[in-house]
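Plus 13 on top of the position in the sequence shown (first one is 1) and you've got the numbering used here.
Working notes for the structure below.
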Amino acid sequence: MIDKTNGQLVHIDWDHIAEDELQIVLNHVHDGNYELEAGDQERLRGVISRHAQVNSETQTNREEEEKEASSEDEEHLVDDAYMDFIHHTIDENEEAEKEDPNYDFEKEFSPEQQEIYDKFHPMYEARMEEKGKRFPGKSAQGNMLEHNFSAFSSNMGFQEIDGNAAAKNIPGIDHFVDMPSYLFVQDKLHLSAHTAKPETYRKHYKNRPKMAKNFLKSMASDGKRGESLRTTMKSIVDNPDWTHKESAASIHGGVEKHRKEYKEAVDDDEAQTLPSIEDNKELVDQITSNIAFSIPSDMWEKLKADETISKEEMSAYLRLDLSTSDFKKILDRMQDVVAPWNEVGANSDDEAYIGSDDEEEEKEARGQEEEEGSSDEEEELGERPIGRGRKRPQRLTRLTNNKTKHRKYDSEDSSE
């Protein structure tokens, strides 16, 4: 059996299971917490029949020895009507599974769940037919969450720009949103037993300054990604229907000012240092304070109940209508076309896979820098560091040979 609340295998000693333990298992099956695997139905039937026979014999002996059994002893007997219900439930599930392999033993999907399923299942099914393998679980998880927040924004009346429409894999940003207090939103969803907890989400909140620096570096860089991000921010500033644009205007202006100062320093033979946008505390703080997180409803409720969390931090968590288990049920239903969400490589743990480590944003930024460097042959220096195997521009070589020059431009791992 599989415990659907955490995805773990439940080990049951069918030959020696006690009656109270059997009752617990039956309750979990009835409530939908346990998913029956191949052979579990027959084993469960056999154990129920065995216990029913033992209880019947025990009751007969008691009646012969005593006029009536004590109520305390009767509470330990498995109710015949309840066992009939379990048998009936198992039979129904078996028949439903034969008719439809995607049959959901749980309650029907909510409209929000069904919308997500109907949107993505056909897409992943077509991709599987084309590629010959299921869609990656991590990517499906991200697509599902981003779509859900876009729908949330629409329902709330907020203008929203999907970050992927501006640039693929923006560091630390999934959405641009026209909200009073926040311009950027990052979607967060953790499904495993050891990451689906409030502490994991608070960790992301503490990492906002690092996200802000990574975003600034990407926006200030030359090449397609930087240009696209600057264009997106400028479009927000110029959009007459975008209400809360003050932060976008300030950030865009600050980045353009930095780019001008940086290029002047590169061209200045007398310059001793190259300015780093990561050192612009005003810009970093402004972006940091503009990052919010969309999170599942159950995690939001737990965070809200924690009186040690400040109002400022709590306001950065945006409550979605779906809970962690709601999202997990969607992924479970799509397992015919999506690899299991917890399927990781031999050298990966669940935290790294889901993305809850402190290094998540750093790894993401490094990957984007490498991707940008490989695709933009015409790219100028900008803010991107020199990658492995790339010839260093002559002027930068001369400038960085001076030890007082900013050391971040000598290393590929500049996001750390």
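Even for Gly, the Cβ is constructed at its ideal location relative to N, Cα and C.
Everything numeric in this text was worked out from a predicted model, so none of it was measured.
- Lysine 258 is not a Cβ neighbour of valine 268, given a cutoff of 8 Å.
- Within the segment 199-281, the complete alpha helix (DSSP H) segments of 4 residues or longer fall at 211-219, 221-233, 237-251 and 259-280, listed in chain order.
- Each of Gly52, Glu50 and Ala209 was checked against the Cα of phenylalanine 340, and the nearest Cα belongs to Ala209.
- The C-beta distance from tyrosine 218 to glutamate 326 rounds to 6 Å, short enough to meet the 8 Å contact threshold.
- Lysine 342 sits buried, since 16 or more C-beta atoms from the chains shown fall within 10 Å of its C-beta.
- Residue nearest to threonine 301 within the set Ile37, Asn168, Gln199 and Lys17 is Gln199 (criterion: CA-CA distance).
- In this structure, the CA atom of glutamine 21 is about 19 Å from the CA atom of serine 336.
- If you check the CB distance, glycine 185 and alanine 225 come in under 8 Å.
- For aspartate 319, the closest alpha carbon among the candidates Glu212, Gly236 and Glu295 is that of Glu212.
- Inclusion of glutamate 173 and histidine 160 in the CB contact set at 8 Å is not warranted, their separation being larger than that value.
- In the DSSP annotation of this structure, valine 297 is not part of any beta strand (DSSP E); the continuous alpha helix (DSSP H) holding it starts and ends at 294-301.
- Unbroken alpha helix (DSSP H) stretches of 4 residues or longer found wholly inside the segment 306-344: 310-318 and 324-328, given in chain order.
- Serine 205 and leucine 316 have their C-alpha atoms spaced approximately 18 Å apart.
- Separation of aspartate 235 and valine 279 (C-alpha to C-alpha, rounded to the nearest whole angstrom) is 14 Å.
- Partner residues in a beta bridge of glutamine 172, as assigned by DSSP, do not exist.
- In the three-state DSSP reduction, aspartate 349 falls in the coil class, being neither helix nor strand.
- Non-local C-beta neighbours of glycine 176 in its own chain, meaning closer than 6 Å and more than five positions away in sequence, comprise Ile183, Ile186, Asp187 and His188, ordered along the chain.
- Counting the other CB atoms within 10 Å of its CB gives serine 323 a total below 16, which places it among the exposed residues.
- Closest by C-alpha distance to serine 289, out of Asn252, Arg243 and Lys230, is Lys230.
- A distance below 7 Å between beta-carbons, with the five flanking residues on each side excluded, links proline 309 to the following residues of its chain, in chain order: Leu202, Leu333, Leu335, Ser336, Thr337 and Phe340.
- Scanning Glu314, Ile15, Thr256 and Met157 for the CA closest to the CA of glycine 170 turns up Thr256.
- When DSSP states are grouped into helix, strand and coil, phenylalanine 197 belongs to the strand group.
- With distances taken between CA atoms, asparagine 220 lies nearest to Asp298 out of Val42, His24, Asp298 and Lys276.
- About 5 Å separates the beta carbons of arginine 238 and alanine 180, which is inside the 8 Å limit, making them a contact pair.
- In the displayed model, aspartate 26 falls within coil according to three-state DSSP, outside both helix and strand.
- In this structure, the CA atom of leucine 39 is about 11 Å from the CA atom of glutamine 54.
- Here lysine 146 is exposed. Its C-beta has fewer than 16 other C-beta atoms within 10 Å.
- Going by DSSP, phenylalanine 133 is part of the alpha helix (DSSP H) stretching over 124-144.
- Boundaries for phenylalanine 148: no beta strand (DSSP E) harbours it, and the DSSP string shows neither H nor E there.
- Tyrosine 130 sits away from methionine 312, with the two beta carbons spaced by 8 Å or more.
- DSSP links isoleucine 290 through a beta bridge to no other residue.
- For leucine 331, the CB contacts under 6 Å within the same chain, skipping 5 residues up- and downstream, are Ala305 and Ser307 in chain order.
- Between glutamate 138 and alanine 352, the alpha-carbon positions lie close to 12 Å from each other.
- Within the DSSP secondary-structure output, valine 190 pairs in a beta bridge with Glu173.
- Within its own chain, the residues whose Cβ lies closer than 7 Å to the Cβ of phenylalanine 122, once the five positions on either side in sequence are excluded, are Tyr130, listed in chain order.
- Cβ atoms of asparagine 303 and serine 260 come within 8 Å of each other, at about 5 Å.
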